[in-house]
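K.L.:
Just so we're aligned, residue 72 is where the sequence shown starts under our numbering, counting upward by one. Glycine included, C-beta positions come from ideal geometry on N, C-alpha and C. Questions regarding the structure given below will be posed in turn.
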Amino acid sequence: MAKNKYQLHLKGYVGSWDFDADYVDYILGKNPDKEVAVLIDSPGGQLNTALSISSAFKRHGNVHAHFVGMNASAATIASMGAKHITMDKSAMYLVHQCALPFFEYGNLNATGMSQLIESLGKAKTDLEKMDANVATMYATRCKKEPKALLDLMKVGGWLTAQEALDWGFVDELTEFEDETAPVLTASLAADFQANGIPLPNVPKSKSEETFFQKMAQALAAVFKPTQVNNQHTPKPMNKFYKNICKFLACEHFSVEEGKVTLTEEQMDNIECSLQANHDMIADLSIKVKNAEDENKKLTETNKSLDEANKTLEAKVANLPAASTTAIVDDKKHEDHEPTAYEQFINAGETARKLYDSLP
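What follows is the structure, given as structure tokens:
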């Protein structure tokens, strides 16, 4: 599968704008009757978003998820609803127990300490339920017992692509020419450490190695005098653009003489994102136009009904009163001659009373 064949690129933090459940629903809704190819490259994120995306994949019924790079935590959970899961041979995979942020600083008396312990007990129970739910999802995919997956989550170590295949998390390994082995950047390492995820044994990025080299050179320069160079030589400057760097999964941009250079892959990602946003805006514009047309029609229909109702009311009000020659006698005729049948009944009743009165 070539890189430009993916309908969805889910990268970065699960729950952020580039790994968003609403956008996934939008793309799946545009492709209801055909396979949707999804590229996943994420260190993890929010469990609720991952569960929503997994459910959306399952409801669609024909999603092909493909892993590249280093994927952990919620990113793996999001793929569980896919019909088919593939993984690049050089990619990494990690499952672990769910976690909640916790920070407490201050002085606590015995009551406060008891309340904190009670609160932590409830949080622990919630986490255990989350772990059990996720382990069941993994077990269903891997066709194994949930306990085996829960034990693996407690270990929380990185799996190679082959190990992920052996466990059953993925269905197939791939080796495409346009997919390179993952590297560990400083920002990615910081994300892993902040979330308690162990660092994988993969090469560090060149920019990070250059940084350490510069540090060593700077320390060496303290003890070794250097010749003064009065000639000004412009040097590249690294600039950080928060949203663009996050979207393209890079640490910074090298700016030289006011120019920034982008790779072909970065341009492809920007193009795909802009096209997807353009399509979404076009679809929403059509829906708004259709809604406005329907509202206009309903308004005109209501106006016509109001006019017709007023016309009918006027015609009813102008109708002449109905004439009749029938005489209605509403007086009650209490005294009347009994009929032959009534006389027969009365005679029988009189005879019965006479019989009953005999000794």
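1. Apply the 10 Å Cβ neighbour rule to residue 124 and answer buried if 16 or more other Cβ atoms are within range, or exposed otherwise.
2. Can you give me the Cβ contacts of residue 221 inside the same chain, cut-off strictly under 6 Å, excluding the 5 residues immediately before and after it?
3. Under a three-way DSSP split, which group does residue 102 fall into?
4. With distances taken from CA atoms, which of 190, 175 and 224 is nearest residue 145?
5. Report the rounded CA-to-CA distance for residue 297 versus residue 350, giving the unit in angstroms.
6. Give the secondary structure of residue 299 by DSSP, where H, G and I count as helix, E and B as strand, and everything else as coil.
7. Could you name the residues that DSSP lists as bridge partners for residue 158?
8. Who does residue 163 pair with in a DSSP beta bridge?
9. In angstroms with no decimal places, state the Cα-to-Cα distance between residue 299 and residue 333.
10. In the DSSP assignment, what are the bridge partners of residue 109?
11. Enumerate in chain order the residues of its own chain whose CB-to-CB distance from residue 76 is below 8 Å, with the five nearest sequence positions on each side excluded.
12. Classify residue 149 as buried or exposed, calling it buried when 16 or more other Cβ atoms lie within 10 Å of its own Cβ.
13. Could you tell me the distance, in whole angstroms, from the CA atom of residue 115 to the CA atom of residue 147?
14. From this set, 137, 173, 195 and 423, which residue's C-alpha is nearest residue 157's C-alpha?
15. Please determine, among 126, 127 and 140, the residue with the shortest C-alpha to C-alpha distance to residue 112.
P.N.:
On the basis of the supplied data:
1. buried
2. 206
3. coil
4. 224
5. Low confidence applies here, because residue 297 scores a pLDDT of 45, under 50, leaving its location unreliable and the question unanswered by this model.
6. Reliability of the predicted coordinates at residue 299 is poor, the pLDDT of 43 falling under 50, and the value obtained from them is presented with this limitation in mind. Coil.
7. 138 and 244
8. 141 and 231
9. Unreliable placement is indicated for residue 299, whose pLDDT of 43 sits below 50; no coordinate value is reported for it.
10. 79 and 136
11. 108
12. buried
13. 8 Å
14. 137
15. 140
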